[in-house]
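Participant:
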Amino acid sequence: MRYLPHTDADRQALLARIGVDTVDDLFVDVPESARLREPLDLPLHQSEMEVERRFAALAERNLSAGAAPSFIGAGLYRHHVPSAVDHLTQRSEWLTAYTPYQPEVSQGTLQAVFEFQTQVAMVTGMEVANASMYDGASACAEAALMALRVTRRNKIVLSGGLHPHYRDTTQTQMRFTDFTVDAMPTDVDGAEDVAGEIDDDTACIIVQTPDVFGRLRDLRPLAKAAHAKGALLVAVFTEVVSLGALMSPGEMGADIVVGEGQSIGNAMNFGGPALGLFACRQKFVRQMPGRLAGETVDAEGRRGFVLTLSTREQHIRRDKATSNICTNSGLCALAFCIHMSLLGEQGFRQLATLNHKRTVQLVDRLQAVDGVDVLNDSFFNEVTLRLAMPAADVVSQLAARGVLGGVPASRLYGAGQGVDDLLLVAATETNTDADVDALIAALSEVLS
2 MRYLPHTDAD
12 RQALLARIGV
22 DTVDDLFVDV
32 PESARLREPL
42 DLPLHQSEME
52 VERRFAALAE
62 RNLSAGAAPS
72 FIGAGLYRHH
82 VPSAVDHLTQ
92 RSEWLTAYTP
102 YQPEVSQGTL
112 QAVFEFQTQV
122 AMVTGMEVAN
132 ASMYDGASAC
142 AEAALMALRV
152 TRRNKIVLSG
162 GLHPHYRDTT
172 QTQMRFTDFT
182 VDAMPTDVDG
192 AEDVAGEIDD
202 DTACIIVQTP
212 DVFGRLRDLR
222 PLAKAAHAKG
232 ALLVAVFTEV
242 VSLGALMSPG
252 EMGADIVVGE
262 GQSIGNAMNF
272 GGPALGLFAC
282 RQKFVRQMPG
292 RLAGETVDAE
302 GRRGFVLTLS
312 TREQHIRRDK
322 ATSNICTNSG
332 LCALAFCIHM
342 SLLGEQGFRQ
352 LATLNHKRTV
362 QLVDRLQAVD
372 GVDVLNDSFF
382 NEVTLRLAMP
392 AADVVSQLAA
402 RGVLGGVPAS
412 RLYGAGQGVD
422 DLLLVAATET
432 NTDADVDALI
442 AALSEVLS
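See the structure below:
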């Protein structure tokens, strides 16, 4: 490649110094099935205009959530983002902002982070919130590590209602440690006993509400059971809009609250970037990962903002860091902050009400479709359906009819795991009566 200056002799010298024979030896940890033995079947050289045409043709094969009735959720949700959000975040001073090392030239960025943290603390019902989380899944893993530091214990309990991506990310973080991860079986029926898994070695229990199947969970008994054993309760959410209608995790006794903030200010974007939210009790703040912007006054008594707590390894010695997160997700956090400011408390609650109302209407219609069994006895804006045929096949047939009908549970857990007939369906304020009519009509046809 003309962009790489190394000669063959340079490469051989590098390999010899490392102590391997070939470049392939550097990738022994990559499974054989994931390695390419020959180049992809793509044209090796085309003009820019030809490339644009090729990719435009490929893009047209997608059925995007904005081009069809969409009921996709399962961790990322389609909401209306006011045009003012994009307009403001596209200003050059925001696009070029990264970590505000120098507060004297970063007051705007620091204030935005401060306001963002305040909003997150308010909606989660917690005392303090941070910035700098990649997404909800990595925030969940960081919460587990924080609980281990706080309690100095070695066991983590993961609820079977936790989103599989959050479970897998947490397990990956713990893979090369001596800590124990107790991942409970998939909880389709809501019958699991998380409290029964708590013992004297448990650092925390991690429980999601609404859970991956859309059920609401009362965390108060779990908080009581965890605290009785000296463990922490980590509360997880994947749909931040739900906090506009439900009792906050903080009110229910959670010690750490983490989740996904994509729904506010950020589009689905085919799966990312996302925005992790992280909040906790004040007494645990020094073990919190990421960064904390605070308010102060300067020498002349004027209001100002600083980085009060910087526990990332970019700021301090690696052995003193509580986290090795290397991004600040600043632009996504800014979009969240602007959208939330436009909504205000009343608007946020109204948005949540619209989501739940639309889902109630959808569930009423779904219950009348032959071959559909709604499993939820509680929900916010997402429910799980048991279908009369494999959900993945149903989704494919719905897409062929111009409807994005939801996410098969097998997409999250894998085929043959006892969830092949389960379909996760989400409705938001963006869904119209016509969208619901289209889903019901297409689903009735496919299942008939």
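In my numbering, the protein residues as written are 2 to 449.
Virtual Cβ for every residue (Gly too), placed ideally from N, Cα, C.
As the structure is a computational prediction, the values presented were derived from the model and not from experiment.
1. Once you ignore the five residues that flank S71 on each side, which residues in its own chain have a CB closer than 7 Å to its CB?
2. Does DSSP classify D169 as helix, strand or coil?
3. Less than 9 Å separating the beta-carbons of A246 and R359?
4. Enumerated in chain order, which unbroken segments of the beta strand (DSSP E) with a length of 3 residues or greater are wholly contained in the segment 164-238?
5. Between V158 and H88, what straight-line distance do the alpha-carbon atoms span, to the nearest angstrom?
6. Buried or exposed for L244, going by 16 or more other Cβ atoms inside 10 Å?
7. What residues are listed by DSSP as bridge partners for E450?
8. Tell me, to the nearest whole angstrom, how far the beta carbon of L399 is from that of A410; I am working on the premise that it is less than 8 Å.
9. Could you give the C-beta distance for A138 and A280, rounded to a whole number, given that I count them as a contact under 8 Å?
10. So the candidates are Q263, L444, A204; which of them puts its Cα closest to the Cα of S397?
11. Is the segment 280-289 close to the segment 137-152, with three or more CB pairs under 8 Å?
12. Could you tell me the alpha carbon to alpha carbon distance between T8 and E49, rounded to whole angstroms?
13. Please state if the CB of D212 and the CB of S160 are separated by a distance shorter than 9 Å.
14. Do G295 and R218 have their C-beta atoms closer together than 9 Å?
15. With a cut-off of 8 Å on the beta carbons, I'd call A140 and V259 a contact; round off their distance for me.
16. On a CA-only basis, which of A192, M134, E198 is nearest L234? Give me that one, please.
17. In the DSSP assignment, find the alpha helix (DSSP H) that holds D436 and state where it starts and stops.
18. Tell me which same chain residues have a C-beta within less than 6 Å of the C-beta of D421, skipping the five on either side of it?
19. The beta strand (DSSP E) spanning G277 covers which residue range?
20. Is it buried or exposed for Y135, if we count other Cβ within 10 angstroms and need 16 for buried?
21. Taking 9 Å as the cut-off, decide whether the C-beta atoms of A268 and V82 are in contact.
22. Would a C-beta distance cut-off of 9 Å place G272 and L64 closer than the cut-off?
23. In chain order, what residues of the same chain lie with their CB nearer than 7 Å to the CB of P250, ignoring the 5 residues before and after it?
Facilitator: Based on what the coordinates show:
1. Cβ within range, chain order: R79, L405.
2. helix
3. no
4. 181-184, 203-209, 233-238
5. 43 Å
6. buried
7. Given a span of 2 to 449 for the chain in the structure shown, any question on residue 450 remains unanswerable.
8. Not quite, the Cβ-Cβ distance comes to about 15 Å (not below 8 Å), so this is no contact.
9. Actually they do not touch by this definition, with Cβ atoms about 16 Å apart.
10. Cα-wise, what sits closest to S397 is L444.
11. Here the segment 280-289 makes contact with the segment 137-152; the two share three or more CB pairs at distances below 8 Å.
12. 29 Å
13. yes
14. Not in contact: G295 and R218 (Cβ atoms no closer than 9 Å).
15. With a contact defined as Cβ atoms closer than 8 Å, A140 and V259 qualify at about 4 Å.
16. E198
17. 434-448
18. P391, S411
19. 277-281
20. By the Cβ neighbour-count rule, Y135 is buried, with 16 or more other Cβ atoms within 10 Å of its own.
21. yes
22. no
23. T125, G126, L220, A236, V258
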